[in-house]
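Colleague: Questions regarding the structure given below will be posed in turn.
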């Protein structure tokens, strides 16, 4: 049987998941440098050991109520294609190994249009975990970013 490892995290009382294969690390929230002229769900950038990550506020991106104090939040840092991105989440719950046959396609339940960033639904005991497609979450943002924000060499070579 084929299986996937999923990092499970919370936003409000809801559980979401992302494929762990793309996760570089999970760390505590740190100060984020704002970047002008980006969508409001992009909080800014951070420098982690010389590598710059674009940070998304996942609550804003998913149209959930905002959190006033982010100091207890976590950052899930990922490598997506040629982009280094991070997602602000409330907390990280667990790493879950799921057989792919137990991941139900979201389109069969919710319809295609409404759930473009939902890759699937994992049913675990009495809970449901929405599996996010992180590539889709950031795809429409690519053309809106100022020149150089996703260019690793441009920022990391100038960072101190």
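Residue numbers (the numbering used here): 6 to 165. Note that beta-carbon positions come from the ideal geometry of N, C-alpha and C, so glycine has one too.
For residue 24, write down the residues that DSSP places opposite it in a beta bridge.
Modeller: Residue 24 pairs with 11.
Colleague: Terminal residues of the continuous alpha helix (DSSP H) containing residue 86?
Modeller: Counting along the chain, residue 86 falls outside any alpha helix (DSSP H), and DSSP gives it neither H nor E.
Colleague: In whole angstroms, what is the alpha-carbon distance linking residue 70 and residue 62?
Modeller: C-alpha separation (whole angstroms): 11 Å.
Colleague: Which of helix, strand or coil does DSSP assign to residue 6?
Modeller: Looking at residue 6 - three-state DSSP - the assignment turns out to be coil, as it is neither helix nor strand.
Colleague: Taking residue 51 as the reference, which of 126, 82, 19, 12 has the closest Cα?
Modeller: Nearest of 126, 82, 19, 12 to residue 51, Cα basis: 82.
Colleague: Using 8 Å as the cut-off, can you tell me whether the stretch 13–25 makes contact with the stretch 120–135, which would need three or more C-beta pairs spanning the two stretches below that distance?
Modeller: At 8 Å Cβ cutoff, the stretches touch.
Colleague: Go ahead and pull the three-state DSSP assignment for residue 97.
Modeller: Strand at residue 97.
Colleague: Hey, would you say residue 25 sits closer than 7 Å to residue 12, going by beta carbons?
Modeller: Yes, they are a contact pair.
Colleague: Three-state secondary structure (DSSP) at residue 107?
Modeller: Three-state result, residue 107: helix.
Colleague: Could you please give me the residues that DSSP links to residue 19 through a beta bridge?
Modeller: 16, per the DSSP bridge assignment.
Colleague: Report yes if the CB atom of residue 178 is closer than 7 Å to the CB atom of residue 110, and no otherwise.
Modeller: The question about residue 178 has no answer, for the chain in this structure spans 6 to 165.
Colleague: Please name the residue or residues paired with residue 132 in a DSSP beta bridge.
Modeller: Answer is 129, bridged to residue 132.
Colleague: In three-state terms, what does DSSP make of residue 63?
Modeller: Helix, per DSSP.
Colleague: Excluding sequence positions up to five away, which residues of its chain have a Cβ less than 7 Å from the Cβ of residue 139?
Modeller: Cβ within range, chain order: 23, 27, 83, 85.
Colleague: What's the gap between the Cα of residue 57 and the Cα of residue 89?
Modeller: The alpha-carbon atoms of residue 57 and residue 89 are separated by roughly 7 Å.
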